[in-house]
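*Asks:* Sending over a structure as structure tokens; questions will come in a sec.
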Amino acid sequence: MEPIETFSELRLIEPLQRAIRAQNYTTPTPIQAAAIPHLLAGRDLLGCAQTGTGKTAAFALPILQRLEARPSAPVPGAPRVLVLSPTRELAAQIGESFETYGRYLRIRQAVIYGGVNQNAQVRALRRGVHIAIATPGRLLDLKDQGHIRLDRLQTFVLDEADRMLDMGFLPDLKRIIACLPRERHSLFFSATLPAHVGGLAASLLRDPVRVEVTPQSSTVDLIEQRVLFVQQANKRPLLDHLLRDEALVRMLIFTRTKRGADKVAQQLSRGGVEADAIHGNKSQNARNRVLDRFRRGRLRVLVATDLAARGLDVEGISHVINYDMPHEPESYVHRIGRTGRAGAVGMALSFCDASERSDLRAIEKLIRSTIRVDRDHPFHSEAAQPREGGPARPRRLRRPVRGRRPVRA
Ligand code: AMP
157 MEPIETFSEL
167 RLIEPLQRAI
177 RAQNYTTPTP
187 IQAAAIPHLL
197 AGRDLLGCAQ
207 TGTGKTAAFA
217 LPILQRLEAR
227 PSAPVPGAPR
237 VLVLSPTREL
247 AAQIGESFET
257 YGRYLRIRQA
267 VIYGGVNQNA
277 QVRALRRGVH
287 IAIATPGRLL
297 DLKDQGHIRL
307 DRLQTFVLDE
317 ADRMLDMGFL
327 PDLKRIIACL
337 PRERHSLFFS
347 ATLPAHVGGL
357 AASLLRDPVR
367 VEVTPQSSTV
377 DLIEQRVLFV
387 QQANKRPLLD
397 HLLRDEALVR
407 MLIFTRTKRG
417 ADKVAQQLSR
427 GGVEADAIHG
437 NKSQNARNRV
447 LDRFRRGRLR
457 VLVATDLAAR
467 GLDVEGISHV
477 INYDMPHEPE
487 SYVHRIGRTG
497 RAGAVGMALS
507 FCDASERSDL
517 RAIEKLIRST
527 IRVDRDHPFH
537 SEAAQPREGG
547 PARPRRLRRP
557 VRGRRPVRA
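Residue numbers (the numbering used here): 157 to 565.
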């Protein structure tokens with residue numbers, strides 16, 4: 157079979173084609189081309205893909221089309237489709253995607269997540285929705301209160317399953333899965349597929365098609381990655397130094413702790429850089445406001461913790477900076493996936509001090525490659541750099557590959 161290259165080859169109905177045109181998408185991304193035909197045919201799917209690959213449209217378009225093919229008035233409290241997401245931000249983004257792609261259809265949906273008053277969500281469910289997009293905790297709360305039932309569900313999507321398990325949602329997931337009808341269409345997405353995630357997929361899916369767009373443990377090709385060895389105390393001055401480069405247009409900085417995120421954002425703001433932080437200690441409304449400012453380009457820097465940034469879909473993030481190295485190597489893959497989205501070029505810079513070298517080694521093992529060392533900055537620390545023969549052998553790199561503009565450091 158010839159590979160699919162256009163949306164018209166995907167046999168999507170006209171209202172969906174129109175919505176796609178309105179988004180100015182010209183070609184399906186690889187996961188869309190690979191998954192949509194199978195999903196339209198009703199096959200279960202195991203999708204190994206990160207955010208940024210276009211996976212939301214890969215499941216949202218066929219789900220909308222299948223709902224439209226068998227129209228029915230929504231039954232109060234009983235959606236036909238459930239999409240589970242690990243975080244509120246991702247749930248909200250998936251909701252927006254369904255709205256965007258379904259704008260010429262009469263499909264109703266609700267996004268259900270915690271941290272905000274439940275009344276609006278309960279009212280939406282009472283009116284009836286075809287699609288519920290939910291985080292596990294609030295879904296179970298509303299279920300326990302009798303506001304939602306899952307027995308009429310036709311399609312179940314588990315998004316970012318690896319992250320869901322990392323965040324300790326397995327008990328919640330098990331409770332939710334126990335309520336699903338046996339006969340259903342199931343879709344399972346995960347950026348990485350370690351054994352425990354694969355086991356969960358096997359228990360949920362029936363004869364699934366497997367679609368893998370970034371091979372397991374490999375990072376997105378379009379992202380240039382560098383590690384900068386620096387002593388902890390010099391990370392701030394190094395960041396200031398990098399920020400003088402205007403090529404760092406819009407950047408996402410990761411810290412390990414919420415306090416660290418606040419501190420970096422405050423220090424940057426005091427120095428005149430438009431910066432703010434998002435993390436789990438902020439109310440959902442405060443997080444939404446910060447995200448909105450970042451999206452509109454009012455903030456140059458967003459400082460985030462791993463959980464808060466999960467699933468974040470903001471276009472045009474030029475740089476991801478790991479101010480602290482992540483303890484879990486998988487987080488590195490998730491973090492850097494925030495840049496270089498949907499074909500754009502991005503860059504990921506990781507600050508690594510001596511105590512973080514083991515984190516770096518674990519990351520390089522996972523991604524099966526050595527991250528280039530950038531020593532071309534005034535805070536380079538020989539002490540922080542692994543010895544010759546270690547996994548991150550120093551390599552001076554003056555010019556980025558594929559002729560892109562170097563970050564002056
Ligand atoms: P996702 O992986 O679903 O988070 O999507 C990442 C980004 O790619 C989103 O901003 C989408 O709007 C965008 N996108 C999805 N599909 C396409 C496409 N076929 N062409 C261009 N952009 C797309």
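The beta-carbon is built from N, C-alpha and C at its ideal position, and this holds for glycine as well.
If contact is defined by three or more beta carbon pairs under 8 Å, each pair taking one atom from either stretch, is the segment 432-445 in contact with the segment 414-422?
*Replies:* yes
*Asks:* Can you give the Cα-Cα distance for valine 353 and glycine 428, rounded to whole angstroms?
*Replies:* The residue you call residue 353 lines up with position 197 of the sequence shown. The residue you call residue 428 lines up with position 272 of the sequence shown. Each residue's Cα considered, the two are about 44 Å apart.
*Asks:* Which class does glycine 271 belong to by DSSP, given the choice of helix, strand or coil?
*Replies:* For the purposes of this step, residue 271 is taken as residue 115 along the sequence shown, with counting starting at 1. Coil, per DSSP.
*Asks:* Measure the beta-carbon distance from alanine 216 to tyrosine 257 and round it to whole angstroms, keeping in mind my assumption that it falls under 8 Å.
*Replies:* For the purposes of this step, residue 216 is identified with residue 60 of the sequence shown, where counting begins at 1. For the purposes of this step, residue 257 is identified with residue 101 of the sequence shown, where counting begins at 1. That belief holds up - the Cβ atoms of alanine 216 and tyrosine 257 are roughly 5 Å apart, short of 8 Å.
*Asks:* Using beta-carbon positions only, say whether valine 267 and glycine 251 come within less than 7 Å of one another.
*Replies:* The residue given as residue 267 occupies position 111 in the sequence shown. The residue given as residue 251 occupies position 95 in the sequence shown. Contact: yes.
*Asks:* Following the continuous beta strand (DSSP E) through leucine 240, name the residue where it begins and the one where it ends.
*Replies:* Against the sequence shown, residue 240 aligns to sequence position 84. That run of the beta strand (DSSP E) goes 237-240.
*Asks:* With the cut-off set at 7 Å, would you say alanine 540 and phenylalanine 385 are in Cβ contact?
*Replies:* Counted from its first residue, the sequence shown places residue 540 at position 384. Counted from its first residue, the sequence shown places residue 385 at position 229. Yes, the Cβ-Cβ distance between alanine 540 and phenylalanine 385 is below 7 Å.
*Asks:* Hey, out of Leu424, Val367, Arg236 and Leu238, whose CA is closest to leucine 395's CA?
*Replies:* Taking the first residue of the sequence shown as 1, we reach residue 395 at position 239. Ranking the options by Cα distance to leucine 395, first place goes to Leu424.
*Asks:* Roughly how many angstroms lie between the CA atoms of glutamate 486 and alanine 358, to the nearest whole one?
*Replies:* Start at 1 with the first residue of the sequence shown, and residue 486 comes out as number 330. Start at 1 with the first residue of the sequence shown, and residue 358 comes out as number 202. Spanning the two alpha carbons is a distance of roughly 21 Å.
*Asks:* Taking the alpha-carbon positions, what's the leucine 166 to histidine 303 distance?
*Replies:* Counting from one through the sequence shown, the residue named residue 166 turns up at place 10. Counting from one through the sequence shown, the residue named residue 303 turns up at place 147. Leucine 166 and histidine 303 have their C-alpha atoms some 37 Å from each other.
*Asks:* Bridge partners of phenylalanine 410, per DSSP?
*Replies:* Here residue 410 corresponds to residue number 254 of the sequence shown, with the count starting at 1. Under DSSP, phenylalanine 410 shares a beta bridge with Ala460 and Asn478.
*Asks:* Go ahead and pull the three-state DSSP assignment for alanine 214.
*Replies:* Working through the sequence shown from its first residue, we reach residue 214 at position 58. Three-state DSSP puts alanine 214 in a helix.
*Asks:* If we count the other Cβ atoms within 10 Å of its Cβ and call it buried at 16 or more, is alanine 229 buried or exposed?
*Replies:* If you number the sequence shown from 1, residue 229 lands on position 73. Alanine 229 sits exposed, since fewer than 16 C-beta atoms from the chains shown fall within 10 Å of its C-beta.
*Asks:* By Cβ distance, which residues of its chain are closer than 6 Å to aspartate 462, with the 5 residues on each side in sequence left out?
*Replies:* Here residue 462 refers to the residue found at position 306 of the sequence shown. So the qualifying residues of the chain are Ser487.
*Asks:* Tell me methionine 320's beta-bridge partners as DSSP assigns them.
*Replies:* Here residue 320 refers to the residue found at position 164 of the sequence shown. Answer is none; methionine 320 lacks a bridge partner.
*Asks:* Considering histidine 341, what are the terminal residues of the alpha helix (DSSP H) in which it resides?
*Replies:* Counted from its first residue, the sequence shown places residue 341 at position 185. Unbroken run through histidine 341 is the beta strand (DSSP E), 341-346; no alpha helix (DSSP H).
*Asks:* Count the C-beta pairs between the segment 360-369 and the segment 198-215 that are closer than 8 Å, then say yes if the count reaches three, no if not.
*Replies:* yes
*Asks:* Three or more beta-carbon pairs under 8 Å between the segment 470-483 and the segment 270-284, yes or no?
*Replies:* no
*Asks:* Tell whether a beta-carbon distance below 7 Å holds between isoleucine 287 and proline 235.
*Replies:* Residue numbering aside, residue 287 sits at position 131 when the sequence shown is read from its first letter. Residue numbering aside, residue 235 sits at position 79 when the sequence shown is read from its first letter. Yes, the Cβ-Cβ distance between isoleucine 287 and proline 235 is below 7 Å.
*Asks:* Closest to glutamine 318 by CA distance: which of Asp515, Phe163, Ile379 and Leu240 is it?
*Replies:* As a first step, residue 318 must be located in the sequence shown, where it is residue number 162. The sequence shown places aspartate at residue 318, rather than the glutamine named in the question. Looking from the CA of aspartate 318, the closest CA among Asp515, Phe163, Ile379 and Leu240 belongs to Leu240.
*Asks:* Return the chain-ordered list of same chain residues with a C-beta closer than 6 Å to the C-beta of arginine 449, the five sequence neighbours on each side being excluded.
*Replies:* By one-based count along the sequence shown, residue 449 stands at place 293. So the list reads Leu455, once near-sequence residues are dropped.
*Asks:* Ends of the beta strand (DSSP E) at aspartate 432?
*Replies:* Here residue 432 refers to the residue found at position 276 of the sequence shown. Where aspartate 432 is concerned, the enclosing beta strand (DSSP E) stretches over 431-434.
*Asks:* Which residues in the same chain as threonine 495 place their Cβ atom closer than 8 Å to its Cβ, once the five residues preceding and following it in sequence are excluded?
*Replies:* As a working note, residue 495 is residue 339 in the sequence shown. If we look at threonine 495 and ignore the five residues flanking it on each side, its Cβ neighbours are Ile379, Leu408, Ile473, Ser474, His475, Val476, Gly502, Met503 and Ala504.
*Asks:* In angstroms with no decimal places, state the Cα-to-Cα distance between leucine 220 and isoleucine 263.
*Replies:* Locating residue 220 in the sequence shown gives position 64, counting from the first residue. Locating residue 263 in the sequence shown gives position 107, counting from the first residue. Answer to the nearest angstrom: the Cα atoms are 8 Å apart.
*Asks:* Following the continuous beta strand (DSSP E) through serine 506, name the residue where it begins and the one where it ends.
*Replies:* The residue you call residue 506 lines up with position 350 of the sequence shown. Unbroken beta strand (DSSP E) run through serine 506: 502-508.
*Asks:* What are the boundary residues of the beta strand (DSSP E) that leucine 166 is part of?
*Replies:* In the sequence shown, counting from the first residue as 1, residue 166 sits at position 10. Leucine 166 -> no beta strand (DSSP E), and no H or E assigned at all.
*Asks:* Which of helix, strand or coil does DSSP assign to glutamine 423?
*Replies:* As a working mapping, residue 423 is identified with position 267 in the sequence shown. Glutamine 423 falls in the helix class under three-state DSSP.
*Asks:* To the nearest angstrom, how far is the alpha carbon of alanine 214 from that of glutamine 387?
*Replies:* Here residue 214 refers to the residue found at position 58 when the sequence shown is read from its first residue. Here residue 387 refers to the residue found at position 231 when the sequence shown is read from its first residue. Going from the Cα of alanine 214 to the Cα of glutamine 387 covers about 43 Å.
*Asks:* State the Cα-Cα distance for the pair glutamine 372 and isoleucine 523, rounded to the nearest angstrom.
*Replies:* In the sequence shown, residue 372 corresponds to position 216, counting from 1. In the sequence shown, residue 523 corresponds to position 367, counting from 1. The pLDDT assigned to glutamine 372 is 41, lower than 50, so where the model puts this residue is not dependable, and the model offers no usable value.
*Asks:* Given a threshold of 16 other Cβ atoms within 10 Å of its Cβ, counted over all protein chains shown, does aspartate 307 qualify as buried or as exposed?
*Replies:* For the purposes of this step, residue 307 is taken as residue 151 along the sequence shown, with counting starting at 1. Label assigned to aspartate 307: exposed.
*Asks:* I want to check one thing, is the minimum distance from the CB of glycine 210 to the heavy atoms of the ligand AMP below 6 Å?
*Replies:* Taking the sequence shown and counting its residues from 1, one reaches residue 210 at position 54. The answer is yes for glycine 210.
*Asks:* Is any heavy atom in the ligand AMP found nearer than 6 Å to the beta carbon of aspartate 469?
*Replies:* Counting from one through the sequence shown, the residue named residue 469 turns up at place 313. Under cutoff, so the answer is yes.
*Asks:* Is any heavy atom in the ligand AMP found nearer than 6 Å to the beta carbon of alanine 334?
*Replies:* Sequence index remark: in the sequence shown, residue 334 carries index 178 (1-based). The answer is no for alanine 334.
*Asks:* Measure the C-alpha to C-alpha separation of arginine 199 and arginine 362 and round it to an integer number of angstroms.
*Replies:* As a first step, residue 199 must be located in the sequence shown, where it is residue number 43. As a first step, residue 362 must be located in the sequence shown, where it is residue number 206. C-alpha separation (whole angstroms): 8 Å.
*Asks:* When DSSP labels each residue in this structure, what does arginine 294 get in the three-state scheme?
*Replies:* Counting from one through the sequence shown, the residue named residue 294 turns up at place 138. Here arginine 294 sits in helix by DSSP.
*Asks:* Take glycine 210 and list the residues in its own chain whose beta-carbon comes closer than 7 Å to its own, dropping the five residues that flank it on each side.
*Replies:* Translated into the one-based positions of the sequence shown, residue 210 becomes position 54. Within the same chain, Thr185, Ile187, Gln188 and Ala498 come within 7 Å of glycine 210 by CB-CB distance, once the 5 residues on both sides are set aside.
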